[in-house]
Amino acid sequence: MAKKLGTVALFLGTFVLVLAVLSKFYMYDRLAVVPLNQDTVSEAATAPGADGEYLDVAAGLKITNGPLKNVKAVRGDVDASKKASKELGKDIAVWDIYDYTDKPTYDPNSGESPLTGTSDRIAFDRNTGEAVKYADTKSEGDGKVVKPADIKGLYFKFPFDAQKKTYQFWDGTLRKATPAKYVGEGEVKGLKVYKYRQTIEPIKTGTIDVPGDLVGETAATVTADQIYSSVTNYSIEPVTGVVIWGQTAQDNYLELDGERVLTTTKATLSYTDANVTKNVDDYKSKAMLLTAVNTWIPIGGAILGLLLIAVGIFARRDRSTDGTRRSDSKDLVGAR
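Throughout the sequence shown, residue numbering follows the working numbering, covering 45 to 380 in sequence.
Put into structure tokens, the structure is as follows:
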């Protein structure tokens, strides 16, 4: 009976040990990837009572104060992702994003142009989040189309199993990736997060011809420098690398001869509470699953598997209590 139980223990121990190894080196790699069929909409807005200041071109180049809203609509292209993965020889996702900022009443289906808007098609590594070069990508904004898009660094999210270090994150205005520095840990609605900050000091991005009276000049038209600056804060769930809460504070303006003459955009937009709540609800359970597959199951499985194997080996040993064989006892009883 003991040998049978030992055999069962050996079998179960081997099975659990193999499961632990597969969980760590097979299952995790297949779970720690972004979906190909992504379909989400996220919103950020100015806080109540903290209106933005912006130059409203549609209103006749008028400085306006009021609430602003940013919307990012992301949709994955499954067929394009599979094609890119095959051509590039790695696991690639191709996602389209339409990103615009305007008044909360703006209707994206109205046919009118928003205050700012970009449309990008990005190919990126499904695990690291790093953008990759691919022919079927594009970037469209300010009436310009770049194809293929020359996008680098992170764009949508941080890597799975994000580390406490600096990452390069794409900035759509500068058209390049800049450092997003790790600044500490925290919590968002009870969920543990890592915090990163991407700071862009005032920098000239181009020039623009504007009416002289708009910037206090007597000339009919003057050429002003366009200055851009921003501070973006990301609070991410580190296991999945997803941005749970985000906030961008921009201060963009025009300069003449090195002096600030007109604000074009000054506003701080943060993820809405509804957006944050949904992110926490969606990714808390996913983070727990990945943690279990990457840590709890491998460690617990290895310990339990080795313990069962040890029990099985011990139980299968021949442990006769009297140290004699049954055949020897029979001979002694029958002796004359």
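Glycine included, C-beta positions come from ideal geometry on N, C-alpha and C.
The structure displayed is predicted, hence computed values, not measured ones.
- Contact between the stretch 257-276 and the stretch 290-308 is present, with at least three C-beta pairs closer than 8 angstroms.
- For Val320, the uninterrupted alpha helix (DSSP H) run begins and ends at Asp317 to Thr335, by DSSP.
- Between Gly96 and Pro203, the C-beta spacing is not below 8 angstroms.
- Counting the other Cβ atoms within 10 Å of the Cβ of Gly173 gives 16 or more, which makes it buried.
- Under the criterion of beta carbons closer than 8 angstroms, Lys208 and Tyr238 qualify as touching, at roughly 7 angstroms.
- Between Ala103 and Thr312, the C-beta spacing is not below 8 angstroms.
- By the C-beta density criterion, Lys225 is exposed, having fewer than 16 other C-beta atoms within 10 angstroms.
- Per the Cβ contact rule, the stretch 164-182 is not in contact with the stretch 249-269 (fewer than 3 Cβ pairs under 8 angstroms).
- Across the structure, Pro223 and Ile280 are spaced so that their CA atoms are roughly 16 angstroms apart.
- By the criterion of at least three beta-carbon pairs nearer than 8 angstroms, the stretch 133-144 is in contact with the stretch 153-168.
- Judged by beta-carbon spacing, Gly290 lies beyond the 8 angstroms limit of Tyr327, meaning their Cβ atoms are not closer than that value.
- Taking C-beta atoms as the reference points, Gly260 and Val305 count as a pair closer than 8 angstroms.
- DSSP, read as helix, strand or coil, puts Lys134 in coil.
- Only buried fits Asp121, as 16 or more other CB atoms lie within 10 angstroms of its CB.
- In this structure, Leu105 places its C-beta atom within 8 angstroms of the C-beta atom of Leu258.
- When Leu235, Asp180, Val266 and Val337 are compared, the shortest CA-CA separation from Asp325 is found for Leu235.
- By DSSP's assignment, Ala88 forms a beta bridge with Asn114 and Tyr315.
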